[in-house]
Amino acid sequence: MSDQVINPAIRPVFTGDPTHQQDSTGEIHDHGHHEHHKDNFITKYIFSQDHKMIAKQFLVTGMFWALVGGMLSVIFRVQLGYPNQAFPILETIFGKWAPGGIISPDFYYMLITMHGTILVFFVLTAGLSGTFANLLIPLQIGARDMASPFLNMLSYWFFFLAGVVMLTSFFLPDGASDVGWTAYPPLSGVREASPGSGAGMDFWLIGMTLFIFSSLLGGLNYITTVLNLRTKGMSMSKMPLTIWALLITAVLGLLSFPVLLGAAILLIFDRTIGTSFYLDNIFINGHALANDGGNAILYQHLFWFLGHPEVYIIILPAFGLVSEVLATNARKPIFGYRAMILSLLAIAIIAFVVWAHHMFVTGLNPFVASVFVFLTLLVAVPSAIKVFNWIATVWQGNIKFTPAMLFAIGFVSMFISGGLTGIFLGNSALDIELHDTYFVIAHFHIVMGVSAFFGMFAGVYHWFPKMYSKMMNNTLGYIHFWITIVGAYLIFWPMHYMGLAGVPRRYYSFDAFQSFNMFGSLNEFITLAAMLVFFAQILFLINFFYSIFYGRKLTTANPWQSNTLEWTTPIKAGHGNWPGDLPTVYRWPYDYSKNGDEYIPQTTPLREGETGGH
Amino acid sequence: MSAAISNHNRFHPLKFALWLGIASMIMLFAALTSAYIIRKAQGNWVDFRMPALFWFNTIVIVVSSITMNWTLRSFKRFKVNACKIALAITLLLGVVFLIGQYFGWQALNEMGIYINGNPSGSFVYVISGVHAAHIVGGLIIMLIILLKMSTTPFNPNRLIRVELMSTYWHFVDVLWIYLFIFFQINIF
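The listed protein sequences correspond, in order, to chains V and R. So for the first sequence, our numbering puts the first residue at 180; every next one is plus one. So for the second sequence, our numbering puts the first residue at 20; every next one is plus one.
This is the structure we're talking about:
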């Protein structure tokens, strides 16, 4: 009987402890004590404490939000592609927000604000980290569940609640927040500043606060689990790169989200009690506000101190997923395992000292700016190491082009394209020209948005069999991939040219600007491409949900012939993951095509004369 | 028994999780106090002295840390009554601290330092208010543990709860000392 962590003397205290649990079939695994409680519908599917179910909850909730967030972008792209053209159906659906079938400016700002908020936080933070940290951490390190399954469940429900609050805000009389996803004061600090600055902004702040709690609870659980609950033999240097990436992501979140909370607390006081942390000398409708002595730039410092690490919180899990998928499907060991870990660490450390590159045009001292330029460009070094290693991993590999593999390769392509423009923007001199233009939009959508989505798709296609014991449809997967990668480039590539020509982001319409009229047809083209990509994602959703119920049944526990521990669990793993003892690990996870064996799982003991190393 | 045991048991996972939580709380207060420093550097800043009452509150919270330590020691030695008494005193001191903070804010108000006045005052109200919220959280946990101890027979297995509570309480105590020194240095 194994009881891997809990000191017997204190065990009863530790409620929700994984060793108390049993799986869905009612089998009791392991444990020296017997609490035969049966799972009912509510404890199994709703208030579940099984990390695998919580992962699915995060994934499906994330997919709902991706659908909503994507839909918002399609709607505002209609205005950008066909400015002031009436589409009566819009009035039918949105009523006063689209009078005469034309999206109103207030609605437009609401759409872009919520698009950003939803995609950055609800989809690519909670949907991505929440899904794969919950699914993979216990499975790949050989643990029965998270350190505290109860906190894990709370993490999901805080996220759910945050979502309910955000969703409700759409139905307020004045609509959701419309101040931009960064919520800069004074627009976010003064209730009368815009329609969404009132109740919409209140809901936004409440929603984000709940979200931060969710993220912190999840994060401290992930870190604790990785550092304390690894199975025998799973030293840090034998962990799959997915776990390294998810661990470092959680550390970033734990250290940066509280800063956003601090910024939000000060903002809430400015809005409610009338303090002046961010507000100073403001005139609205001809009368002066009482606020005196505040500083709006202070908010930007606090916000971007979170905001920049947040970018890496989004992309690091994708790094991990992609590394795993590439090595498995190229049937080759990952190239430069240690370099991969060190570059993850380097990116995480640099993440905390580059925030001011978002603020080059706020009147930052040019000397300080030059320091931030240097630190920002340093990020290129570990990023380039990673890209080099990914390419070297697939180089001359025996590549199996599964949909997951295609998305992983697509990720590398996207990450290179988007990363290169980061070098432009990281220079303070160039940034003065490019700041707040479509060049920035193109950069961060490719390097962070689309890349992270590709990492997520690679993860979903790859681990779907583990989650649902079914296979997804490959043909639909290929169609989904090709439309998405071609479409994503068609959307964002032209934006670079618009940005270089100075077309500013966040504008409702360019009709009044002679110099930007020439991009009218390009804008229309982008809108059509965006719609195409959006409908390709619906194909993915159909594939996903259809496969859960009617997909080809999984007949082997290890469909991709992968080395990591999650594939040593039964096809339908219960709560507790392994029916018997926890597996013991003897080697690193990347022994592919070694000494004539195509793959050697981590649980295979070392042979004579073999070392477990890299 | 699998050999997994030898590999672990280094540190209780919940204790580890609490320290991570403390790290994130440190980041929250680091953010708030650095915001204070950045804002102060920009001028238009009203200087004032912290009311003397805050000294009293600081002593109260330090004493409560000592009684919390007494609680933990009694628990480890199975001295049930001493443990309950010590915890009750700690709880009481925590409440006295909160009331003291409230009167401290009143005293600030009487000095003409309002929460919606110059940011130098607003920061003191908000930062000490956020700290007070952390104290309230600690007091709720203490109350639950005290009720559990009074209504159920003594259970040595609950040591981990008491240890977690004690670590948290020492943290919010040290946090207040830091904030108090910070205000003294900056406002004076």
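For glycine and all other residues, C-beta sits at the position ideal for the given N, C-alpha and C. Note that this is a predicted model, so its numbers are computed, not measured.
(message) When you compare the CB of D381 of chain V with every CB in chain R, is at least one pair closer than 9 Å?
(response) Taking the first sequence and counting its residues from 1, the one referred to as residue 381 of chain V is at position 202. Output row for D381 of chain V: interface = no.
(request) Only counting runs of 3 or more residues, tell me where the beta strand (DSSP E) segments fall wholly within the stretch 731 to 785 of chain V, in order along the chain. (result) 771 to 773 and 776 to 778
(message) Quick check on I529 of chain V - is its C-beta less than 9 Å from some C-beta in chain R?
(response) Position 350 of the first sequence, counted from the start, is the residue given in the question as residue 529 of chain V. No - not a single Cβ of chain R is within 9 Å of the one on I529 of chain V.
(message) Can you check which of these residues, V:P364, V:L340 and V:G441, is closest to S393 of chain V by C-alpha distance?
(response) The residue given as residue 393 of chain V occupies position 214 in the first sequence. By alpha-carbon distance to S393 of chain V, the top candidate from V:P364, V:L340 and V:G441 is V:L340.
(message) Quick check on N400 of chain V - is its C-beta less than 9 Å from some C-beta in chain R?
(response) Counting from 1 along the first sequence, the entry for residue 400 of chain V is found at position 221. Output row for N400 of chain V: interface = yes.
(request) With DSSP as the reference, label I463 of chain V as helix, strand or coil. (result) If you number the first sequence from 1, residue 463 of chain V lands on position 284. Three-state result, I463 of chain V: strand.
(request) Determine the DSSP secondary structure at T410 of chain V, reduced to helix, strand or coil. (result) To locate residue 410 of chain V, count along the first sequence from 1; it is residue 231. Coil.
(message) If I follow the unbroken alpha helix (DSSP H) through K34 of chain R, where does it start and stop?
(response) Here residue 34 of chain R corresponds to residue number 15 of the second sequence, with the count starting at 1. K34 of chain R -> alpha helix (DSSP H) spans P32 to K59.
(message) Does any residue of chain V have a CB that is nearer than 9 Å to the CB of F35 of chain R?
(response) The residue given as residue 35 of chain R occupies position 16 in the second sequence. So, interface residue.
(request) Could you say which of V:G386, V:N263 and V:G309 lies nearest to I837 of chain V if we only look at CA atoms? (result) Chain V is shown from 180 up to 793; residue 837 of chain V falls before or after that span and cannot be answered.
(request) Take S630 of chain V and list the residues in its own chain whose beta-carbon comes closer than 8 Å to its own, dropping the five residues that flank it on each side. (result) Against the first sequence, residue 630 of chain V aligns to sequence position 451. The residues are I494, A497, F590, M593, F594 and G597.
(message) Does any residue of chain R have a CB that is nearer than 9 Å to the CB of I444 of chain V?
(response) Walking along the first sequence from the start, residue 444 of chain V turns up at place 265. Contacts with chain R at 9 Å (Cβ-Cβ) include I444 of chain V.
(request) Along the alpha helix (DSSP H) that carries F594 of chain V, what are the first and last residues, could you check? (result) For the purposes of this step, residue 594 of chain V is taken as the residue at position 415 of the first sequence. Counting along the chain, the alpha helix (DSSP H) containing F594 of chain V begins and ends at P582 to L604.
(request) Could you spell out the range, first to last residue, of the alpha helix (DSSP H) harbouring M677 of chain V? (result) The count along the first sequence starts at 1 and reaches residue 677 of chain V at position 498. Note, M677 of chain V: alpha helix (DSSP H), N653 to L679.
(request) Apply the 10 Å Cβ neighbour rule to E129 of chain R and answer buried if 16 or more other Cβ atoms are within range, or exposed otherwise. (result) Indexing the second sequence from 1 puts residue 129 of chain R at position 110. Its Cβ having fewer than 16 others within 10 Å, E129 of chain R is exposed.
(request) Consider the Cβ of F201 of chain R: report whether some Cβ of chain V lies at a distance smaller than 9 Å. (result) One-based indexing of the second sequence puts residue 201 of chain R at position 182. Closer than 9 Å: no.
(message) Using only CA atoms, which one of V:A245, V:G295, V:P328 and V:P267 lies nearest to L33 of chain R?
(response) For the purposes of this step, residue 33 of chain R is taken as residue 14 along the second sequence, with counting starting at 1. Of the listed residues, the one whose Cα sits closest to L33 of chain R is V:P328.
(request) Provide the residue span of the alpha helix (DSSP H) that contains E129 of chain R, from first to last. (result) Here residue 129 of chain R is taken as the residue at index 110 of the second sequence, counted from 1. Its alpha helix (DSSP H) spans residues V99 to E129.
(request) Find the nearest neighbour of Y647 of chain V within the set V:N219, V:S227 and V:M232, judged by alpha-carbon distance. (result) Reading the first sequence from its first residue, position 468 is the one you call residue 647 of chain V. Taking only the C-alpha atoms, the option nearest Y647 of chain V is V:M232.
(request) Could you tell me the distance, in whole angstroms, from the CA atom of M242 of chain V to the CA atom of S741 of chain V? (result) Taking the first sequence and counting its residues from 1, the one referred to as residue 242 of chain V is at position 63. Taking the first sequence and counting its residues from 1, the one referred to as residue 741 of chain V is at position 562. Each residue's Cα considered, the two are about 26 Å apart.
(request) Spatial neighbours of F719 of chain V within its chain, please: CB distance less than 6 Å, with the 5 preceding and 5 following residues excluded, ordered by chain position. (result) Walking along the first sequence from the start, residue 719 of chain V turns up at place 540. Counting only Cβ-Cβ distances below 6 Å, and skipping sequence neighbours, we find H659.
(message) According to DSSP, is T541 of chain V part of a helix, a strand, or is it coil?
(response) Taking the first residue of the first sequence as 1, we reach residue 541 of chain V at position 362. Coil at T541 of chain V, not helix or strand.
(request) Compare the beta carbon distance of V558 of chain V and G499 of chain V with 9 Å and say whether it is the shorter of the two. (result) The count along the first sequence starts at 1 and reaches residue 558 of chain V at position 379. The count along the first sequence starts at 1 and reaches residue 499 of chain V at position 320. Result no, Cβ atoms of V558 of chain V and G499 of chain V do not sit closer than 9 Å.
(request) For Y197 of chain R, collect the residues of the same chain with a Cβ closer than 8 Å to its Cβ; drop the 5 residues on either side in sequence, then sort them by chain order. (result) Translated into the one-based positions of the second sequence, residue 197 of chain R becomes position 178. For Y197 of chain R, same chain residues with a beta-carbon under 8 Å away, outside a window of 5 residues either side, are F48 in chain order.
(message) So, with DSSP's three-state summary, where would you put K649 of chain V?
(response) In the first sequence, residue 649 of chain V corresponds to position 470, counting from 1. Here K649 of chain V sits in strand by DSSP.
(request) For my contact list, K565 of chain V and M519 of chain V are in at a C-beta cut-off of 8 Å; report their separation, rounded to the angstrom. (result) Taking the first residue of the first sequence as 1, we reach residue 565 of chain V at position 386. Taking the first residue of the first sequence as 1, we reach residue 519 of chain V at position 340. Sure, about 6 Å apart at Cβ, within 8 Å.
(message) Does T616 of chain V come out as helix, strand or coil in the three-state DSSP assignment?
(response) Position 437 of the first sequence, counted from the start, is the residue given in the question as residue 616 of chain V. Three-state result, T616 of chain V: strand.
(request) Mind the definition here: the stretch 155 to 172 of chain R touches the stretch 132 to 146 of chain R only if three or more C-beta pairs lie below 8 Å; say whether that holds. (result) Taking 8 Å as the limit for Cβ pairs, the verdict is that the stretch 132 to 146 of chain R does not touch the stretch 155 to 172 of chain R.
(request) Measure the C-alpha to C-alpha separation of F190 of chain R and S43 of chain R and round it to an integer number of angstroms. (result) Translated into the one-based positions of the second sequence, residue 190 of chain R becomes position 171. Translated into the one-based positions of the second sequence, residue 43 of chain R becomes position 24. Take the alpha-carbon of F190 of chain R and the one of S43 of chain R: they are about 12 Å apart.
(request) Starting from the C-beta of F202 of chain R, find all residues in its chain whose C-beta is less than 7 Å away, skip the five residues before and the five after it, and write them out in chain order. (result) Within the second sequence, numbered from 1, the residue matching residue 202 of chain R stands at position 183. Closer than 7 Å at the Cβ level, and outside the excluded window around F202 of chain R, lie M69 and V143.
(request) Give a yes or no on whether the minimum CB-CB distance between F97 of chain R and chain V is below 9 Å. (result) Residue mapping note: residue 97 of chain R aligns to position 78 of the second sequence, counting from 1. It does not: the Cβ of F97 of chain R has no partner Cβ on chain V nearer than 9 Å.
(request) Specify the secondary structure class of P683 of chain V as computed by DSSP and reduced to three states. (result) Within the first sequence, numbered from 1, the residue matching residue 683 of chain V stands at position 504. Here P683 of chain V sits in strand by DSSP.
(request) Indicate whether at least one CB of chain R lies closer than 9 Å to the CB of V532 of chain V. (result) Here residue 532 of chain V refers to the residue found at position 353 when the first sequence is read from its first residue. It does not; no Cβ of chain R falls within 9 Å.
(request) With distances taken Cα to Cα, identify the nearest neighbour of F448 of chain V among V:N544, V:K511 and V:N470. (result) As a working note, residue 448 of chain V is residue 269 in the first sequence. Selected option, being the one with the closest Cα: V:N470.
(request) Excluding the 5 residues preceding and the 5 following H230 of chain V in the sequence, name in chain order all residues of the same chain whose CB lies nearer than 6 Å to its CB. (result) Taking the first sequence and counting its residues from 1, one reaches residue 230 of chain V at position 51. Result list for H230 of chain V: N313, P317, D324 and M325, in chain order.
(message) Need the endpoints of the alpha helix (DSSP H) that T428 of chain V sits in, please.
(response) As a working mapping, residue 428 of chain V is identified with position 249 in the first sequence. Here the alpha helix (DSSP H) through T428 of chain V covers L420 to T451.
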